[in-house]
Every structure is written in C-alpha cells, then in structure tokens.
Amino acid sequence: MRKNFIFSLQKVLDLRRQQEDKAKEALALARKRYQEQNQVVQEILEERVRARQSMEEKQDITQADIWLYNLYRDRLNLDLVQAEEKLGRLSRDINQKRQELVEKSKQKKVLERLKHNRKVKFDHEQQQEEQKEFDEMAVLRYQPEALQAVADDHGIGGD
150 MRKNFIFSLQ KVLDLRRQQE DKAKEALALA RKRYQEQNQV VQEILEERVR ARQSMEEKQD
210 ITQADIWLYN LYRDRLNLDL VQAEEKLGRL SRDINQKRQE LVEKSKQKKV LERLKHNRKV
270 KFDHEQQQEE QKEFDEMAVL RYQPEALQAV ADDHGIGGD
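Each residue of the sequence shown is one higher than the last, beginning at 150 in the working numbering.
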C-alpha cells in the first residue's frame with residue numbers, strides 16, 4: 150500500500166516562507182518610502198525653480214524682496230539637503246532590506262531543495278516496494294503451476 154510523503158521539516162519550511170514574505174513586504178515598504186521621499190526632493194527642486202523664476206519676472210524689486218527671496222532660497226536649500234540625506238538613508242535601508250530578502254530566500258530554497266530530494270527518494274523507495282510486492286504476487290500466483298509441472302515430471306499425484 151502506498152504511503153503519503155511527510156516532510157519532517159515542513160513547519161520550519163512554512164516559517165521560512167513566512168519570513169521571506171515579511172522580508173518582501175518590508176522591502177516593498179522601504180521602496181515606497183524612498184519613492185515618497187524622492188517626490189519630496191523633486192518638489193523642493195521645482196519650488197526652487199519657481200521661486201527663482203518668480204523673482205526674475207518681478208518688475209520692481211525692492212531690497213525687502215531680495216532679502217525675503219534669499220531667506221526663502223536658503224531655507225529651500227536647507228530643506229533640500231535634509232531631504233537628500235533622508236533619501237540616502239532610505240536608499241541604504243532598501244539595500245539592507247534587499248539583502249535580508251536574499252538571505253531569507255536562500256534559507257527557504259535550501260529547505261525546498263531538501264524537501265524535493267527527500268520526496269524523490271521517498272517516491273523511489275515506494276516504487277521499489279510496490280515492485281517487490283508485485284514480484285512476490287507473481288511468484289505466488291505461478292508457484293502452484295510450477296509445483297504441478299514438477300509433480301507431473303516425477304510422476305507424483307495425479308490419476
């Protein structure tokens with residue numbers, strides 16, 4: 150009778166799959182944060198361009214306008230530096246999350262390969278057992294005929 154394959158490390162494999170899924174989610178979240186921060190950087194750059202264009206288009210520029218523009222430009226530059234630093238941190242975070250995902254994937258694949266190899270071995274052993282059973286049944290089925298033939302050759306039994 151054929152048995153069902155049971156992988157003794159299935160719970161560990163399931164845990165590794167969950168860990169890999171969590172690592173994928175963490176990487177996706179890190180990428181989303183990076184994209185959002187990149188958008189912030191782009192908006193600051195665009196605002197800097199708009200402020201400069203606005204100043205260039207102004208007709209009667211006063212000393213106060215220049216002073217306010219310089220303050221605003223300096224603040225935008227400071228915001229840009231801070232936003233780019235945060236973008237760098239988020240980029241490093243993405244790389245870290247990617248490496249963690251690669252590691253989790255490797256750990257999972259090792260167990261999946263082990264499971265596959267054990268399944269192949271199990272199937273082979275089951276096939277050998279079935280073949281052995283078929284061979285034994287064939288021997289038992291044809292044994293009476295063989296005994297009858299031997300008995301007939303030696304003149305045993307019969308009429």
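Idealized CB from N, CA, C, for every residue including glycine.
Look at the region 247-280 and you find no whole run of beta strand (DSSP E) that is 3 residues long or longer. The criterion of a C-beta distance shorter than 8 Å is satisfied by residue 168 and residue 253. Sixteen is the threshold: when 16 or more other Cβ atoms of the shown chains lie within 10 Å of the Cβ of residue 257, as they do, the residue is buried. Its chain contains no residue whose beta carbon lies nearer than 7 Å to that of residue 181 once the 5 sequence neighbours on both sides are disregarded. For residue 170, the enclosing alpha helix (DSSP H) stretches over residues 159-206. Less than 8 Å separates the beta-carbon of residue 179 from that of residue 243. Residue 228 and residue 240 have their C-alpha atoms spaced approximately 18 Å apart.
For residue 250, the number of other beta carbons within 10 angstroms of its own is at least 16, and it is reported as buried. When the beta-carbon positions are compared, residue 259 and residue 232 stay at least 8 Å from each other. Contact between residue 246 and residue 172 holds, with the beta-carbon distance rounding to 7 Å and staying under 8 Å.
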